[in-house]
Every structure is written in structure tokens, then in C-alpha cells.
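*Asks:* Before we start, here is the structure in question, set down as C-alpha cells.
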Amino acid sequence: MALLNIAEPGQSPLPHQTKRAIGIDLGTTNSLVAAMQAGRAAILLDEQGVAMLPSVVNYTDAQMPLVGSGALALAVRHPADTLMSVKRFMGRGNRDAAGDAQRSHYELAEDEEGLVRFNTSSGERSPIEASADILRVLHQRALATLGSDIDGAVITVPAYFDEPQRQATKDAATLAGLRVLRLMNEPTAAAVAYGLDAAEHGVIAVYDLGGGTFDISILRLHKGVFEVLATGGDTALGGDDFDAALADWALRDIGSPSLAPGQYRQLQAAARAAKELLSNEAAVDLDLSGVLPSGGTIRVTREVFENLVQPLIKRTLVACRRCMRDAELDASIDNIIMVGGSTRVPLVREAVADFFQRPPLQGIDPDQVVALGAAIQADILVGNRPEGDLLLLDVIPLSLGIETMGGLVEKIVPRNTTIPVSRAQEFTTYKDGQTALAVHIVQGEREMVNDCRSLAHFELRGIPSMVAGAARIKVIFQVDADGLLNVSACEETTGSQANITVKPSFGLTDDQITTMLQASFSHAGGDKIARQLAEQRLAGWQLLEGLKSALTADGETLLSAEDRAAITAPMTELQALLEGQDADAIRTLTEHLGRQSETFANLRMDKSIREALAGVSLDTLDDEVLQ
Amino acid sequence: MSLPELQNNYFQLFDLTEKFALDQTQLGVRYRQLQKELHPDRYASGSAYEQRLAVQYSALINEAYATLRKALPRALYLLELAGISREDVSGQKVDGGFLMAQMDLREKLMLLDELVDPQAALEDLLADIDVDVNQLHEEFSRAYSVGELPAAASACVKLQYLEKLLLEAEQVESRLIDNQT
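Here it is in C-alpha cells:
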């Protein structure tokens with residue numbers, strides 16, 4: 005195990021020990037994993053040399069979930085056990101997923117939490133568990149190809165994913181045993197894959213039409229800084245809908261016979277095959293074997309297909325127009341990047357070129373571009389490029405707000421605000437002696453609470469008893485770089501911290517995750533204690549590594565000899581502990597060392613600010629010369 | 016130069032002079048420079064404490080940038096630094112002539128849908144609003160620079176009216192786009 009290769013105390017490890025990081029595109033229909041190999045981002049292949057893993061899991065056998073093309077082959081025979089397009093159900097409630105589930109012929113389990121769970125013949129499964137099973141296979145593939153432990157992963161999500169959908173994705177990765185460095189927006193990843201060598205300025209539009217989701221993002225590139233100006237889209241619109249439109253048309257054409265779930269699956273697969281062929285041909289035969297007792301085919305022309313998908317493409321263009329307006333551009337779009345298999349449809353390419361009045365960029369496979377960009381970002385985040393040649397500034401795709409009187413929404417963080425962001429909101433009590441306050445957080449653009457997505461109900465308790473209106477409770481909403489929300493609160497007149505009980509409207513509680521994690525360990529037959537030790541060692545090792553390089557850079561200038569010793573002494577101690585087996589001792593000392601080095605971290609941040617500003621004047625000159 | 020200290024003044028954070036007219040290029044360059052150093056991505060493999068700190072700093076820089084980048088929030092912020100709160104600004108009296116003109120513009124906006132070419136009419140209307148906005152920017156800049164704070168606040172409150180009108184115009188535009196696409 006790589007993390008046991010620790011240098012002798014006092015001796016620094018190899019100067020540029022490369023860490024292993026992977027980028028994962030967890031797609032609706034297909035998933036990919038990529039990593040840096042010989043200085044370039046490359047897609048990792050399975051044993052058969054195949055890049056794409058179908059995002060399909062079959063649960064007929066309780067002991068051995070089957071993932072990928074093997075599962076896909078069982079889709080017709082075991083429709084309810086074979087989960088496809090689970091990304092559409094991530095972070096969603098039973099009620100809003102019912103329509104999609106019916107179309108896919110899944111059986112939903114009743115769940116008082118409102119979370120989607122599928123009934124399979126080997127028990128209930130959540131979309132998170134199914135996604136974790138897909139991620140586990142990709143993790144294994146990376147381990148086999150790279151031949152060492154993986155230090156971290158960047159997982160991509162549609163830019164338009166809301167908070168519960170993001171949280172569900174992160175939970176799935178945690179379940180699969182991955183350390184998530186960042187959730188990265190798919191269009192941003194694509195822009196990174198295209199734009200690394202570009203020290204240029206320019207505005208980029210990324211049009212991403214995947215299997216189940218549509219995203220549009222507009223970014224400004226400026227000397228290695230990618231600034232997302234606006235993003236928009238539709239989390240329930242993609243190539244699947246193209247297939248369904250074609251399948252429904254075929255069904256009408258043969259007199260709308262009622263089909264068994266498996267037969268409809270087969271028809272959808274046939275429609276997909278026909279769609280793919282139509283990208284290069286004027287007319288194809290759609291295979292009806294297994295759908296009609298007599299089998300046979302029907303002729304589909306490209307014109308028929310284009311008429312069917314035209315309204316869907318129009319919907320994407322409406323989102324593009326809105327996004328352009330949100331971006332408040334003072335210049336035109338310089339480049340268009342196409343992402344997702346559905347952008348292979350000629351009518352999509354034509355419509356997009358026509359809309360932006362510019363031909364889209366070619367060059368990187370639209371199916372692979374997201375995973376490649378994620379691998380590049382993972383390599384940076386894991387610390388392999390200390391000079392930091394690239395920075396992404398992303399935005400929150402949907403407004404965050406709270407419920408006010410009469411079921412109205414008051415916006416706290418508007419959509420397209422750059423993240424991370426922190427906003428404070430003051431509340432007061434309306435009754436004498438009131439000690440608790442309920443806050444309801446929602447996400448969405450509509451005015452009424454019922455039309456927005458409910459994220460969580462918070463209860464602030466322990467407010468000091470005062471007359472009505474006297475308490476000033478400050479609630480701070482913080483959205484981190486993953487687009488995930490954290491809330492904290494305090495009563496300002498007394499300074500007392502109010503307790504917050506969070507009840508997520510959807511998604512898992514920490515307890516549920518722990519239970520699932522434990523279940524998955526015993527399921528995999530892994531040793532939980534060994535696992536804990538490995539995790540503690542990794543945490544300790546990372547802190548040590550970080551501190552070593554920090555001390556080398558700034559130890560002499562920022563710290564007195566005494567302060568330095570207060571850090572280096574526990575470091576030596578921790579280094580020795582890491583060779584042993586005592587997970588608890590490692591955890592305790594890692595926490596102690598973490599606290600001990602907080603002041604040093606503060607000093608380093610301050611220094612960064614001073615240096616950033618000192619370095620500015622020259623840069624500004626450059627800019628002025630350029631203009 | 017630590018976090019609470021920086022919170023006192025966004026202009027200091029970007030090393031800019033405290034005035035209304037502002038060099039957008041310089042603001043952008045400094046913003047990106049600061050984020051390059053302090054964004055959580057730079058600390059993704061750092062300690063949990065460093066990561067939390069980076070989120071706080073980075074969020075503050077984003078907030079400061081958003082406040083200074085656009086004219087109205089920048090004007091309100093300058094007044095706040097001068098001791099005039101947002102409530103004080105909202106409480107400013109607005110002259111009748113301005114209100115009449117506002118009602119006139121709003122009426123035009125509401126009747127837009129009935130015109131033959133609503134898109135063109137909307138663009139004319141937006142151009143008119145733009146002229147008013149620019150005049151008020153100049154008025155604010157003048158009043159603020161000579162220390163006439165009530166006059167500056169009055170320009171601000173008028174800008175708030177126009178901002179609200181622009182928001183409504185955007186909604187109308189969005190409806191027009193949806194109908195035609």
C-alpha cells in the first residue's frame with residue numbers, strides 16, 4: 005500500500021512524489037474514468053479494452069450486483085431488477101419521480117423519507133446504491149490500470165443539478181470508497197479538456213446534451229482562470245427522450261399494442277440503435293423483433309426522426325437564450341464546445357451552429373471530453389501541480405431561498421452567483437419567550453414555496469428567552485465549492501449559539517450513510533478495522549505532507565523557532581505512529597496537530613493575500629498594453 | 016491582514032481607491048489574482064481547517080467582487096461606508112416628476128404585448144431606461160465626490176426604482192423569447 009511508504013522521521017520523502025487522482029464521468033447512460041498518464045489525460049479501459057461502462061446495474065443476484073454490459077444484457081429478461089438511467093432519480097423524491105419510474109417500468113418502494121427506492125427481487129435499492137456500484141467498478145478499473153491506491157477523485161455532475169442531486173452523487177462516491185476531491189460541473193470539465201493550452205482570452209459556450217440531462221454553460225477564459233458566467237438547462241431532457249419519442253412513434257405506427265415492460269425496453273433499445281444509425285444515413289429499418297409476435301421492421305427516415313425531436317431541440321435553445329441573457333455578455337461567443345453523445349445527431353449540431361452563428365469545435369470525442377477534463381482537474385486538486393496553472397470559478401445553478409409568510413420564497417443566494425458564497429440573514433422571534441424557530445430552505449426560481457424544491461427544514465433551538473422581536477438570530481448560509489449547502493446560526497444580542505437540527509427533505513442522513521457503509525463493508529467481506537486504520541493513516545499522512553511543504557515554504561519567515569517546534573514535535577511523533585497499528589492514537593494526534601497548526605494556516609493565508617496584491621501591478625500593466 | 020480586518024472594506028481588499036468611478040479591468044485582474052491564491056481548489060489536499068478557511072476567504076472575495084462590480088451595489092456600499100444604511104436610502108423622498116415618469120415607463124412595458132413588434136418596442140424602452148441610469152450614475156458620482164450624501168442617496172433610490180423596472184422588463188423579454196422560440 006503506497007501510504008505505508010513513509011520516509012524516516014526528519015527525512016522528507018521524494019521531492020515530487022506523484023499522487024494518483026482520477027476523474028469520473030458518472031453518466032446517465034454510460035460512465036467513464038480517466039487519469040493523467042505520461043503527462044496527458046487518458047481514458048482508462050477495461051480488460052476488454054472498452055472505454056465506456058454502461059450505467060446499468062442488475063440486482064437479480066443479491067450477492068453479486070452485475071454492472072455494465074452484462075447487466076444491460078439482462079435488461080429485457082429482468083426489467084424491474086435492472087436499473088438503467090438511475091442518474092435521473094438521484095436526490096429525488098418518490099412523488100416527483102413517479103412518472104419517470106412508470107415509463108422505465110421500475111417499481112418504487114414506499115419510503116417515509118420520500119426518497120426514491122426501487123423494488124428488486126433481491127430487495128430495495130436506492131439510486132445512490134446503484135450509482136455506488138457503478139463507481140466501484142470504475143474505481144476497481146483505475147486500481148487495476150494504475151497499479152496503486154487512488155488518492156482522490158473528481159466526480160462530474162450536470163451543472164444544473166440541484167443540491168440534493170449533488171449530495172446524492174457525493175454520497176454514492178463515499179459509499180464506493182472514493183475520496184471526493186470535488187464535484188465538478190460537466191460543461192466546465194469539457195471546457196478544461198479543450199482549453200488547457202489556451203493562455204488566451206475568450207468566451208466559450210458549452211452545449212451538453214447527454215443521455216438524460218441538458219446543460220448549457222457560458223464561461224470566460226482569462227489566463228488560466230475559467231469563470232463561469234451563467235449556466236442553465238434541464239435535468240430531465242436528453243438522448244433518452246429522443247429514443248422514447250422514436251419508440252412511441254413506432255408504437256403508434258403499429259397500432260399501439262400493449263407491451264410488457266421487457267418488450268418496451270426492447271423497443272427503446274431498437275429505437276436507440278436506429279437513432280444512432282440515422283446520424284450517418286438518410287433512412288434505416290427499426291427492428292421490431294421481440295415487440296411484435298411477427299417481428300419485422302419499420303422504415304424510419306431522417307426526416308421523420310427530425311420532426312419527432314425538433315420540439316426537444318427547441319427546448320434546449322430556449323435554455324441557451326436564457327443563459328446568454330443571464331451571462332450579460334458584452335462580447336460575442338468565441339467558441340462552442342459540444343458534449344454528450346446526443347450532439348452527434350446532425351440536426352442538433354445544425355441547430356446549435358445556427359443559434360450561435362458559429363460552427364462548434366471538433367477534436368475531442370464528445371463522449372470522453374468530460375472525463376478527460378475531470379482527470380486534469382483531479383490532478384491539480386490532488387496537488388500534483390503546485391504552481392496551480394488553472395483555476396475554475398463556478399456558479400450555483402439555482403437560487404437558494406427561504407419560506408416566508410404566506411408560502412412565498414425570499415431569495416438568499418440568487419442563481420449564477422459565484423461559489424463559494426456565504427450570505428447571512430437575520431431573523432427574530434414573534435412571540436414573548438419564544439426559544440425555537442423553524443426555517444424552511446428551498447431551491448428554485450419560482451415565487452411560491454410549493455413550486456420550488458424543498459431542501460431542508462431547520463429548527464433553531466436554545467434561543468434565549470426574550471420579548472417578541474428582541475432576539476436577533478443570524479443564520480449563515482454557506483455554499484461550498486461543490487455547490488453543497490451548510491447552515492450555521494447564532495443569537496447576536498447574547499452571542500449564544502443556537503442549535504440546528506437539520507432534516508433534509510431528500511437525501512440521506514449521516515447515520516444512514518454510516519449504516520450503508522458498514523453494510524457495504526461486511527457485504528464486500530472487507531475488514532472494517534483494517535479499513536479504519538487505513539483511513540486514519542491516510543488522513544495523518546496527508547496532514548504531514550501538507551505541513552512539510554508549508555514549513556519548507558514559509559516556516560522560517562512566518563514562525564518563531566518556538567512556534568515551529570510546537571508543530572514539528574507532534575509531527576515527528578505522528579510520523580512514528582503511522583508505522584504502527586493504533587488507529588485511535590493516530591486520529592487523536594492528527595486532530596491535535598491539526599489544531600496546533602491553525603495559526604500557521606492563518607498566517608499563510610494572509611501572506612497569500614499580500615502576495616496576490618503585490619503581484620498585481622505588473623499584471624495590470626500587461627493587460628493595459630494588450631488592450 | 017486577516018479575515019475580520021478585510022471584512023471592513025472591500026476597496027482595501029482589492030487595493031482600490033474608495034470612489035464610485037472604478038477601473039473594471041483592474042478589479043477583474045485583482046479578483047482573479049486573489050482567487051488564484053485563496054480558492055478552496057488550492058487547498059483541496061490541505062487540512063480540514065485550511066479548507067474551511069479557504070471557503071471563507073474565497074466567499075468573501077466573491078462577495079466583495081459582486082458588490083464592487085456593478086454600479087448600484089457599489090453606490091449603496093459607498094453610502095454604507097459613509098454611515099448611511101440601506102434603510103436610510105430606501106427612506107429617501109423621491110420627487111413627483113420622477114415618479115410620474117416611472118409610471119409612464121411601467122405602463123409602456125405592460126402594454127408591450129399588444130404591439131405589432133413588441134421586441135423592437137422593448138429595445139427602445141430599454142434604451143430609454145439606459146439613458147436615465149447613466150445620468151443617475153453621473154449624478155451619484157458628482158454628489159458623492161463632493162460629499163453631498165443626501166443627494167447621492169437620492170440618486171441611489173432612483174436607481175433602485177429603475178433596477179426594479181429593468182427586472183420586470185427582463186421578465187417580459189423572457190416571455191417574448193419563450194413565445195417565439
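Sequence order for the protein chains is P and C. One rule links them: number in the working numbering = place in the first sequence (from 1) + 4. One rule links them: number in the working numbering = place in the second sequence (from 1) + 15. Using N, Cα and C, we set each Cβ at its ideal position, and we do this for glycine too.
(1) How would you call P:Ala66, buried or exposed, if buried means at least 16 neighbouring beta carbons within 10 angstroms?
(2) Select from C:Ser169, C:Gln66, C:Ala184 and C:Ala79 the residue whose C-alpha is nearest the C-alpha of C:Leu126.
(3) Quick one: does C:Gly162 have its CB under 8 Å from some CB of chain P?
(4) Between the segment 62-81 of chain C and chain B, which residues of the former have a C-beta closer than 8 Å to a C-beta of the latter?
(5) Return the bridge partner residues of P:Val343 from the DSSP annotation.
(6) At what residues does the beta strand (DSSP E) containing P:Gln429 begin and finish?
(7) Between P:Ala442 and the rest of its own chain, which residues show a CB-CB distance below 6 Å, the 5 nearest in sequence each way excluded?
(8) Under 7 Å Cβ-Cβ, which residues of chain P neighbour C:His54?
(9) Mapping the DSSP letters down to three states, classify P:His596 as helix, strand or coil.
(10) Determine, for C:Ser100, whether the minimum Cβ-Cβ distance to residues of chain P falls below 8 Å.
(11) Listing by chain order, which chain P residues have their CB less than 7 Å from the CB of C:Ser169?
(12) In angstroms with no decimal places, state the Cα-to-Cα distance between P:Leu459 and P:Ser403.
(13) Less than 6 Å between C-beta atoms, sequence neighbours within five positions excluded: which residues of the same chain meet that for C:Asn77?
(14) So with CB distances below 9 Å, who are the chain C contacts of P:Gln144?
(15) When we look at the beta-carbon of P:Lys318 and count the other beta-carbons within 10 Å, is it buried (16 or more) or exposed?
(16) Roughly how many angstroms lie between the CA atoms of P:Gly437 and C:Leu42, to the nearest whole one?
(17) I need the straight-line Cα distance from P:Ser553 to P:Gly72, nearest angstrom please.
(18) Could you compute how far the alpha carbon of P:Phe93 sits from the alpha carbon of P:Leu241?
(19) Return no unless some Cβ of chain P is closer than 8 Å to the Cβ of C:Ser60.
(20) Quick one: using the 10 Å Cβ neighbour count with 16 as the cut-off for buried, is C:Arg101 buried or exposed?
(21) I'd like to check one pair, P:Phe122 with P:Ala136: are the Cβ atoms closer than 8 Å?
(22) Report yes if the CB atom of C:Pro55 is closer than 8 Å to the CB atom of C:Ala69, and no otherwise.
(23) Counting only beta-carbon atoms, is C:Ser10 nearer than 8 Å to chain P?
(24) Would DSSP call P:Ile337 helix, strand or coil?
(25) Quick one: what's P:Phe218 bridged to in DSSP?
(26) In this structure, how does DSSP classify P:His143 when only helix, strand and coil are distinguished?
(27) Just to confirm, is the Cβ distance from P:Gly215 to P:Ala163 under 8 Å?
(28) So, does the CB of P:Ala485 fall closer than 8 Å to a CB anywhere in chain C?
(29) Cα separation between C:Glu178 and C:Leu137?
(30) Per DSSP, which residues does C:Gln39 bridge with? Please list them.
(31) When DSSP builds the beta bridges, which residues end up paired with P:Phe230?
(32) By the three-class DSSP mapping on this structure, what secondary structure does P:Asn98 have?
(33) Rounded to whole angstroms, what is the Cα-Cα separation between P:Pro265 and P:Gly466?
(34) Against P:Gly53, what residues of chain C qualify as contacts under a CB-to-CB distance less than 8 Å, listed in chain order?
(35) With DSSP as the reference, label P:Val120 as helix, strand or coil.
(36) So, does the CB of P:Ala44 fall closer than 8 Å to a CB anywhere in chain C?
*Replies:* So, to answer that:
(1) In this structure P:Ala66 is exposed. Its beta-carbon is surrounded by fewer than 16 other beta-carbon atoms within 10 angstroms.
(2) Out of C:Ser169, C:Gln66, C:Ala184 and C:Ala79, C:Ala184 has the C-alpha closest to the C-alpha of C:Leu126.
(3) The C-beta of C:Gly162 comes no closer than 8 Å to any C-beta of chain P.
(4) No chain B appears in the structure shown, which is made up of the protein chains P and C.
(5) P:Val343 is bridged to P:Asp212.
(6) Looking at the DSSP string, the run of the beta strand (DSSP E) that includes P:Gln429 is Val425 to Phe431.
(7) Contacts found: Glu463.
(8) Annotation: Cβ neighbours of C:His54 in chain P (cutoff 7 Å, chain order): Leu395.
(9) In this structure, P:His596 counts as helix in the three-state DSSP scheme.
(10) The beta-carbon of C:Ser100 is placed no less than 8 Å from the nearest beta-carbon of chain P.
(11) Per Cβ cutoff of 7 Å: no residues; C:Ser169 is ~27 Å from chain P at best.
(12) A straight-line Cα-Cα distance of about 12 Å links P:Leu459 and P:Ser403.
(13) None.
(14) Within chain C, no residue comes near P:Gln144; the closest Cβ sits about 23 Å away, beyond 9 Å.
(15) The residue is exposed, with fewer than 16 neighbouring Cβ atoms inside 10 Å.
(16) Approximately 48 Å between the Cα atoms of the pair.
(17) Rounded to whole angstroms, P:Ser553 to P:Gly72 spans 42 Å at the Cα level.
(18) Rounded to the nearest angstrom, the two C-alpha atoms are 13 Å apart.
(19) Chain P, which has a Cβ nearer than 8 Å to the Cβ of C:Ser60, makes this yes.
(20) When all chains shown are included, C:Arg101 counts as exposed.
(21) Contact flag unset, no.
(22) Yes, these two residues count as a Cβ contact at 8 Å.
(23) No statement about residue 10 of chain C is possible, as the shown extent of chain C runs from 16 to 196 and does not include it.
(24) Of the three classes helix, strand and coil, the one that applies to P:Ile337 here is coil, per DSSP.
(25) Answer is P:Leu213 and P:Asp238, bridged to P:Phe218.
(26) Helix at P:His143.
(27) Cβ distance not < 8 Å, so P:Gly215 and P:Ala163 don't count as in contact.
(28) Contact with chain C is found for P:Ala485, since one of that chain's Cβ atoms lies less than 8 Å from the residue's Cβ.
(29) One Cα belongs to C:Glu178, the other to C:Leu137, and the distance between them is close to 15 Å.
(30) Bridge partners of C:Gln39: none, in fact.
(31) P:Phe230 is bridged by DSSP to P:Leu225 and P:Leu396.
(32) Note: P:Asn98 maps to helix in three-state DSSP.
(33) P:Gly466 has its alpha-carbon roughly 53 Å from the corresponding atom of P:Pro265.
(34) For P:Gly53, no chain C residue has a C-beta closer than 8 Å to its own C-beta; the minimum C-beta separation is roughly 32 Å.
(35) P:Val120 falls in the coil class under three-state DSSP.
(36) Here residue 44 of chain P turns out to be Arg, not Ala, going by the sequence shown. For P:Arg44, the answer is no, since every Cβ of chain C falls outside 8 Å of its Cβ.
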